[in-house]
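So the mapping is simple: the working numbering equals the position in the sequence shown, first residue as 1, plus 773.
Yeah, the Cβ is synthetic: ideal placement off N, Cα and C, and Gly gets one too.
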Amino acid sequence: MNLANITQAYYELFPGDLSGNKMQRQTPGVLFAATEIAGYPNAELLLFNEKHARDIGLGTIENDTDRDFLNATALPENIKTYATAYAGHQFGNWAGQLGDGRAIFAGEITNGNGKTTELQWKGAGATPYSRHADGRAVLRSTVREYLMSEAMHHLNIPTTRSLSISFSGEEVLRDIMYSGNPAYEKGAVMMNRQHTREEYLELIRKAKAIVPDIAFSQDMIVGFCGETEEDHQLTLSLMKEVEYDYGYMFAYSERPGTPAHKKMEDDVPADVKQRRLAEVIALQGELSRKRMSGYVGKIHEILIEGTSKKDENQWKGRNSQNAVCVFDKKPGQKIGDVIPVFVHGNTQGTLLGTAAAEISVAVN
């Protein structure tokens, strides 16, 4: 395989925690943490998707070095491994910093057509973001994930695809039935590839075709080290194409002691950062207002979350797209109920409604 052609653009460009600390933890101020693979000495390659490997520019298996790479046993010197950090919302709540707890990245490979693909293992060991899990994978779920990723690919649904499956040579303790009776089963490691920008956009288009009312949110930092005006315009064009429902947007600022502060120059002027941030916020405002106004005049199923902070006589809840809605309380309603609500108005961030049972509405 063309292992010498694997590049480390993400590792070299972005700030990371290079300490090698194996403790599971948060890593503030960085986008990844250097992470060692488990190094399975008795791993056995079970399946290799040779056609896919050729398509992405990785080539075919030629020697034991190639097998060791796929098996997460040993690596060539040019490959630096890492786990990525991210942050976002889970179940409608801000979850803070998270990260890949079962995925370790190997870098990127570019094929003859100039298409770049990210490579990662799943099940190659714990990362700083494993949250008390072991970072391992079991054979049964790995085979299932491989088959499903191939099925989705051949249904023209963009997704992470699998290059190989290996038996790790070790057993993993799992409670399959959640019965309190865990048992050991065969462990596995899988080599995957991830999305480019165009694949991401194609996935968005497919999702919208299947679920027309689907909602998307974003977390965005502008003015990161080295960001050009072209990069900024690409950000704006991505926002316009996806049409995010809402987002959380900030200007990059240095944090003393972080790898970005030590290794990278904060070279985007403050006034440029603020101008770009203002443009991103303004565009997101337009997109959010457009989305919110589209909810008006329709009945929505609203999950009651609690009392409105502004009016104790109103409930606050969310529709299936996570948009906040307020409406007057009525006897018999309680937190956790799902109420049909007719939306008659909106602000930029809140829907204004009336319980549908109280009104007569013609619904198309």
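Integer Cβ distance of residue i from residue j, believed to fall under 8 Å
| i | j | result |
| --- | --- | --- |
| residue 1112 | residue 1128 | 6 Å |
| residue 916 | residue 960 | That pair is no contact at about 12 Å. |
| residue 788 | residue 803 | 5 Å |
| residue 1098 | residue 1116 | 7 Å |
| residue 1075 | residue 1091 | 7 Å |
| residue 810 | residue 867 | Not a contact, Cβ separation roughly 31 Å. |
| residue 1005 | residue 1049 | 5 Å |
C-alpha distance - residue i paired with residue j, whole-angstrom precision
| i | j | result |
| --- | --- | --- |
| residue 1014 | residue 947 | 42 Å |
| residue 978 | residue 942 | 40 Å |
| residue 1120 | residue 1008 | 26 Å |
| residue 863 | residue 799 | 17 Å |
| residue 873 | residue 1103 | 44 Å |
| residue 1011 | residue 962 | 34 Å |
| residue 807 | residue 856 | 7 Å |
| residue 1016 | residue 1060 | 6 Å |
| residue 880 | residue 920 | 24 Å |
| residue 1047 | residue 1001 | 14 Å |
| residue 779 | residue 822 | 18 Å |
| residue 1136 | residue 1073 | Bear in mind that a pLDDT of 41 at residue 1136, under 50, signals an unreliable position, so the model cannot answer this. |
| residue 972 | residue 859 | 20 Å |
| residue 995 | residue 852 | 29 Å |
| residue 805 | residue 871 | 11 Å |
| residue 1025 | residue 796 | 27 Å |
| residue 1045 | residue 1052 | 11 Å |
| residue 906 | residue 877 | 14 Å |
| residue 793 | residue 854 | 11 Å |
| residue 837 | residue 883 | 23 Å |
| residue 1094 | residue 1101 | 21 Å |
Pick from the options that is closest to residue i, judged by C-alpha positions
| i | options | result |
| --- | --- | --- |
| residue 828 | 907, 1070, 885, 1124 | 885 |
| residue 1087 | 938, 1125, 994 | 1125 |
| residue 985 | 908, 1067, 923, 1108 | 1067 |
| residue 875 | 869, 892, 909 | 909 |
| residue 918 | 927, 905, 934, 928 | 934 |
| residue 1062 | 1122, 1109, 1049 | 1122 |
| residue 1071 | 1114, 1052, 1005 | 1114 |
| residue 929 | 970, 1105, 983 | 983 |
| residue 835 | 775, 936, 850 | 775 |
| residue 936 | 1105, 891, 1107, 1056 | 891 |
Short CB-CB distance (under 9 Å) between residue i and chain C
| i | result |
| --- | --- |
| residue 1087 | No chain C is present in this structure, which holds just one protein chain. |
query: Any contact of the stretch 972–991 with the stretch 1011–1021, i.e. 3+ C-beta pairs under 8 Å?
result: Taking a contact to require three or more Cβ pairs closer than 8 Å, the stretch 972–991 and the stretch 1011–1021 qualify as touching.
task: Assess, as a yes-or-no matter, whether the stretch 835–850 is touched by the stretch 816–824 under the definition of 3 or more beta carbon pairs within less than 8 Å.
output: Output reads yes: the stretch 835–850 touches the stretch 816–824.
Any 3 or more C-beta pairs closer than 8 Å across the stretch 1032–1048 and the stretch 1081–1101: Flag = no, the stretch 1032–1048 and the stretch 1081–1101 do not touch.
task: Indicate whether the contact test is met: 3 or more Cβ pairs, each with one atom in the stretch 894–913 and one in the stretch 774–788, closer than 8 Å.
output: As far as the Cβ criterion goes, the stretch 894–913 does not touch the stretch 774–788, which means the pair count is below three.
task: Ignoring anything shorter than 4 residues or poking outside the stretch 790–829, list the alpha helix (DSSP H) runs there in chain order.
output: The stretch 790–829 contains these whole alpha helix (DSSP H) runs: 823–828.
message: Quick check for students: name the residue ranges of the alpha helix (DSSP H) that lie wholly in the stretch 850–927, counting only runs of 4 or more.
response: Runs of the alpha helix (DSSP H) inside the stretch 850–927: 912–927.
task: Starting from the N-terminal side, write out each stretch of the alpha helix (DSSP H) that is 4 residues or longer and does not extend beyond the stretch 969–1034.
output: The stretch 969–1034 contains these whole alpha helix (DSSP H) runs: 970–983, 1002–1015.
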